[in-house]
Amino acid sequence: VRGSLNMGTAEAEQCAICMEHEMEAAIWDCAHEVCLKCAYQLCARGLTQPLCPFCRGHIKDFSRAQPNKGLQSISS
Numbered sequence: 001v002r003g004s005l006n007m008g009t010a011e012a013e014q015c016a017i018c019m020e021h022e023m024e025a026a027i028w029d030c031a032h033e034v035c036l037k038c039a040y041q042l043c044a045r046g047l048t049q050p051l052c053p054f055c056r057g058h059i060k061d062f063s064r065a066q067p068n069k070g071l072q073s074i075s076s
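Count the sequence shown with full-length UniProt numbering and you get residues 1 to 76, in order.
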């Protein structure tokens, strides 16, 4: 699925931006998922309103998905 980590497959989870295999996911307001590294890099670019690279929606914050711990909100 474009713009999300491959969850629930036999393959390891993979970020759709950097293609790295990551265990921790960041979930943006628009529900697209990437690895934490890519989420932090996009939000740290200094843009007033960063845009999701998949749907171009404004990113106000994102949640960090931790295995078996649910979501933790992180402000950008």
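C-beta: ideal position from N, C-alpha, C; glycine also. Keep in mind it's a predicted model, so treat the numbers as computed, not measured.
Anyone know if the C-beta pair for residue 15 and residue 34 falls short of 7 Å? Sequence index remark: in the sequence shown, residue 15 carries index 15 (1-based). Sequence index remark: in the sequence shown, residue 34 carries index 34 (1-based). Yes; because the gap between Cβ atoms is below 7 Å, this pair is in contact.
Measuring CB to CB, does residue 21 end up less than 7 Å from residue 54? Position 21 of the sequence shown, counting from 1, holds the residue named residue 21. Position 54 of the sequence shown, counting from 1, holds the residue named residue 54. Residue 54 sits away from residue 21, with the two beta carbons spaced by 7 Å or more.
Curious, which full-length alpha helix (DSSP H) runs of at least 4 residues does the UniProt domain "RING-type" (15-56) contain? Qualifying alpha helix (DSSP H) stretches, in chain order: 36-43.
Given this structure, state the Cα-to-Cα distance separating residue 18 from residue 44, to the nearest angstrom. What you label residue 18 is simply residue 18 of the sequence shown in a count that begins at 1. What you label residue 44 is simply residue 44 of the sequence shown in a count that begins at 1. CA-to-CA, the gap between residue 18 and residue 44 works out to about 16 Å.
Cα-Cα separation between residue 63 and residue 36, rounded to whole angstroms: Counting from one through the sequence shown, the residue named residue 63 turns up at place 63. Counting from one through the sequence shown, the residue named residue 36 turns up at place 36. Their Cα atoms are separated by approximately 9 Å.
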